[in-house]
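Worksheet: one structure, shown below.
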Amino acid sequence: MARYAQVQGSVALITLTNPPVNALSAGVRLGITETVTRALCDPKVKSVVICGENGVFCGGADIREFAKPMTGPPLVPMIAAIEEGDKPVVAAIEGVAFGGGLELALGCHYRIAHSKARVGLPEVTLGLLPAAGGTQRLPRLIGLAPALELITTGRHVTAQEALKLGIVDKVTDQSALDLAIQFAQEVVGQPLLPRKLSTQLTPCPPDVDAILDEAMARVKQRARGAMAPVACVQAVRAAVNLPYQAGMQKEQELMAFLFRSSQARALQYCFFAQRAVGKWSLSSGAHSGNSKPRPVTKAAVIGLGTMGRGITVALVKAGLSVVAVETNKKQLEMGKQMVSAMLKHDAQKMNAVSRLDLLHYTTDLSELKNTDLIIEAVFEDMALKKEVFKKLSSVCKPDAVLCTNTSGLDVDELASVTKRPELVVGMHFFAPAHVMKLLEVVRGSRSSPEVMATAMHLGKRLGKVSVVVGNCSGFVGNRMLRPYLDQANFLLEEGATPELVDGALEEFGFPMGVFKVSDLSGLDVGWRIRKEAGLTGPNVDSKDPSRRRQGRRYSPLPDLVCEQGRLGQKSGRGWYLYDKPGGRVATPDPDIHKLLEDYRVRHGIRPRQIDRQEVLERSLFALINEGFRVLEDGMAMGPEDIDMIYVFGYGWPRHRGGPMFYAAMVGLPKVLERLEYYQQVHPDVPHLQPSSLLRRLVVNGSPPLDKWRDFLQRPHSQL
Ligand code: COA
Ligand code: ADP
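The sequence shown begins at 1 in the working numbering and counts up by one.
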């Protein structure tokens with residue numbers, strides 16, 4: 001899988017041929033090894049150029065091979081043979097040189113890049129490190145600090161930045177291959193030794209230990225339990241402290257450890273799952289391959305509240321022209337100022353121009369006549385949303401797509417008030433909508449395949465990870481969150497504190513624990529929803545005891561907290577204390593501890609010692625259990641969809657793969673056994689009742705996650 005040709009008389013041209021990204025599969029490695037040997041042995045060849053077919057140099061090691069036994073020649077000696085040879089080898093980088101692709105290029109003596117090319121070592125994002133000499137050669141080439149940054153974050157750089165850093169020698173707007181061939185002829189006869197990175201020393205600033213220690217502290221703090229970034233720093237340390245061969249040995253040892261880790265498996269699973277969720281299918285047989293999206297050039301957003309503003313910014317940044325609608329001039333002006341400020345801030349950060357010209361503001365719905373797609377983001381109130389949809393249905397052109405950003409209301413009910421229910425779909429964004437990567441695309445029972453394709457395609461244009469979900473209360477993400485939140489509250493009743501629960505979740509890898517997140521979002525949001533649902537406030541059934549609702553356990557604790565005016569960060573007090581309203585640094589609050597103690601006394605609860613293990617099992621296994629129910633109800637295509645929703649929308653640590661992957665790693669029998677145990681202890685919590693899919697999977701020997709679909713009872717899909 002590497003083509004050999006001789007060009008310009010004396011240049012051997014080796015082309016990697018493994019579409020779509022020329023990944024370094026066993027076949028490609030064999031091809032490179034053979035063609036390089038041929039070039040080095042042929043006396044007519046004076047220099048060599050390596051390039052990739054179809055405008056892509058190389059997307060790195062073949063990730064699909066990681067799960068299989070190793071075959072074919074290994075990368076390290078293959079790259080060493082290129083570097084050690086006595087003929088200059090030039091890498092012609094077009095498209096990307098990632099991971100093993102860049103390591104291959106670093107083994108070459110020169111690198112020429114096209115101006116649109118990107119290079120990087122993304123292995124850390126797959127739970128690994130660049131183990132084909134990347135951790136040893138890159139610091140020798142560009143110095144310690146920049147190499148540390150690139151290797152520990154996996155950040156890609158443009159050709160221009162690569163040139164500045166010294167990763168590539170030349171950048172061209174023309175053909176990188178043509179320039180490389182010309183260059184390969186010019187450098188014949190020039191001394192090669194200085195170009196062989198393994199023979200060089202890593203340039204060492206005087207404060208080398210401080211730089212390494214600081215990098216280690218930074219990655220430990222950012223990594224939230226991920227091991228690969230830490231191993232990357234250790235490997236780079238070896239590039240400074242050890243001779244090249246000993247450094248390579250260290251790199252191999254660290255890689256062997258990471259390669260076997262469950263974190264690497266989780267991260268590689270995420271890589272493929274993220275791509276798989278874009279390939280949606282419906283029970284009707286329609287799928288992403290046979291459903292064409294409608295063209296969308298002009299969009300509208302109704303309501304410029306928190307969500308509407310973020311959605312507007314996301315649309316504008318994707319280059320769409322947007323009509324933004326509010327109820328009155330005052331609200332409109334406020335929304336306009338916020339949107340402009342967000343766009344300007346963003347443009348400044350990205351060193352780009354803010355496209356305010358793409359925006360038009362109005363309070364008049366009739367101005368939506370020419371829009372192709374409308375996203376409604378008004379208050380979360382069914383009656384109001386229906387009124388808006390009715391109006392949209394009559395003012396918008398007949399083929400305009402109507403989307404709702406509801407976070408849980410019935411999409412079918414909304415569709416039913418329009419004259420085009422097949423053109424109605426949910427687009428559930430997550431706050432802040434211009435930042436968060438997740439988009440749930442909610443299929444109503446009558447949403448057409450074309451409309452699904454349009455929403456999914458728009459999601460992609462906005463840079464979102466879009467996941468098709470069914471139309472059930474809370475859709476997938478928020479539906480699974482409920483049992484998790486309930487358990488967190490129950491744990492407080494039984495003896496935990498917010499900081500104990502959050503500490504356990506943060507140690508697990510969430511960026512913030514559940515109570516800190518609630519404080520950030522505002523506690524009044526849930527309070528309003530609970531009031532509307534008759535769970536608290538004047539509409540509670542007077543026969544219900546204070547800690548039971550509708551026949552099941554209920555914790556009134558969050559209501560009590562709100563009643564005290566503790567609404568979270570915005571009021572300076574919530575589950576934690578903040579230095580001021582709007583403050584961000586949470587400190588444990590003795591008043592909350594007192595509130596919990598009084599509450600327990602009032603309700604006759606004897607507090608228990610609760611450990612972190614129990615916090616994790618109860619909150620995460622309850623959430624996972626609901627995930628199995630989501631699958632059973634046919635509300636998600638598969639476990640990968642649920643996992644991507646949690647990784648991209650709810651801060652689930654990527655190195656743990658998502659809740660369903662995590663359940664498989666823990667072992668389904670263990671999850672089932674713990675759920676059964678907690679259900680016995682808490683019989684009044686139906687969420688702890690193990691789902692029948694989980695039971696069926698365990699009875700059938702806990703098959704791997706990609707086989708779970710076979711155990712769903714048919715017909716199951718609501719999609
Ligand atoms: N190994 C195996 N398969 C790979 C791959 C790799 N290194 N890189 C990409 N692919 C596959 C993808 O899974 C996808 O397969 P599919 O069509 O069956 O879904 C296909 O190649 C195209 O990739 P995609 O990411 O959808 O295309 P893109 O043009 O948006 O991006 C890359 C191309 C190379 C930038 C991107 O795929 C990427 O970053 N790859 C990973 C690079 C990496 O981490 N390398 C280090 C490996 S240790
Ligand atoms: P969210 O947090 O879901 O974005 P907000 O309460 O922040 O909700 O914002 C909802 C926005 O919708 C408010 O700015 C409100 O003025 C606006 N809005 C409400 N009804 C309409 C309507 N009929 N047309 C346009 N905008 C509306």
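The beta-carbon is built from N, C-alpha and C at its ideal position, and this holds for glycine as well.
Within the continuous beta strand (DSSP E) that includes residue i, where are the two ends?
i: C232; result: Counting along the chain, C232 falls outside any beta strand (DSSP E), though it belongs to the alpha helix (DSSP H) covering A228 to N241.
i: Q6; result: A2 to V7
i: L438; result: L438 to R443
i: Y110; result: Y110 to H114
i: V411; result: From DSSP, V411 is part of no beta strand (DSSP E) but of the alpha helix (DSSP H) over V411 to A415.
DSSP has residue i in a bridge; who is on the other side?
i: T152; result: BP columns for T152 are empty, so no partner.
i: T362; result: V325
i: L402; result: I374 and V424
i: F98; result: G120
i: K170; result: I112
i: G52; result: L16
i: C58; result: A97
i: S47; result: V11
i: R552; result: R549
i: V90; result: V49 and Y110
i: S281; result: H287
i: G143; result: Note: G143 sits in no beta bridge, so no partner.
Residue i lies in the alpha helix (DSSP H); which residues open and close that run?
i: L192; result: Here L192 belongs to no alpha helix (DSSP H), and DSSP marks it neither H nor E.
i: V465; result: Segment V465 to G470 is the beta strand (DSSP E) holding V465; no alpha helix (DSSP H) there.
i: A453; result: P449 to R461
i: A299; result: Not the alpha helix (DSSP H): A299 falls in the beta strand (DSSP E), residues K298 to I302.
i: S394; result: M382 to V395
i: E617; result: R612 to E632
i: V647; result: P639 to G649
i: W652; result: No alpha helix (DSSP H) contains W652, which DSSP labels as neither H nor E.
i: G27; result: A26 to C41
i: Y244; result: Y244 to F259
i: L712; result: Here L712 belongs to no alpha helix (DSSP H), and DSSP marks it neither H nor E.
i: N478; result: G477 to E494
i: S717; result: Note, S717: premise wrong, no alpha helix (DSSP H); not H, not E.
i: R695; result: S692 to V699
Give the C-beta separation of residue i and residue j to the nearest angstrom, bearing in mind that I take them to be a contact with Cβ-Cβ under 8 Å.
i: K385; j: L414; result: 6 Å
i: I374; j: M427; result: Actually they do not touch by this definition, with Cβ atoms about 10 Å apart.
i: G127; j: A238; result: Not a contact, Cβ separation roughly 19 Å.
i: T371; j: C396; result: 7 Å
i: A97; j: V119; result: 5 Å
i: P659; j: Y646; result: 5 Å
i: R612; j: A504; result: 4 Å
i: I93; j: A176; result: 6 Å
i: V441; j: S466; result: 5 Å
i: G95; j: G31; result: Not a contact, Cβ separation roughly 18 Å.
i: E83; j: S10; result: 20 Å between Cβ atoms; not a contact.
i: T17; j: E53; result: 5 Å
So, is residue i buried or exposed, given that buried needs 16 or more other C-beta atoms within 10 angstroms?
i: R584; result: exposed
i: M751; result: No statement about residue 751 is possible, as the shown extent of the chain runs from 1 to 719 and does not include it.
i: V313; result: buried
i: K250; result: buried
i: H114; result: buried
i: G59; result: buried
i: S542; result: exposed
i: C41; result: exposed
i: T587; result: exposed
i: N351; result: exposed
i: L688; result: buried
i: D591; result: exposed
i: G463; result: exposed
i: S448; result: buried
i: K68; result: exposed
i: E673; result: exposed
i: E626; result: buried
i: E519; result: Note on identity: in this sequence residue 519 is Asp, with Glu being the wrong assignment. D519 is buried by the Cβ-count criterion.
i: C204; result: exposed
Is any heavy atom of the ligand GDP found at a distance shorter than 7 Å from the C-beta of residue i?
i: A61; result: In the structure shown, the ligand GDP is absent; the only ligands present are the ligand COA and the ligand ADP.
Query raised in the report: Among all residues, which have a Cβ less than 6 Å from at least one non-hydrogen atom of the ligand ADP, and in what chain order do they fall?
Result: I302, G303, L304, G305, T306, M307, G308, V325, E326, T327, Q331, A377, V378, F379, E380, L384 and V388
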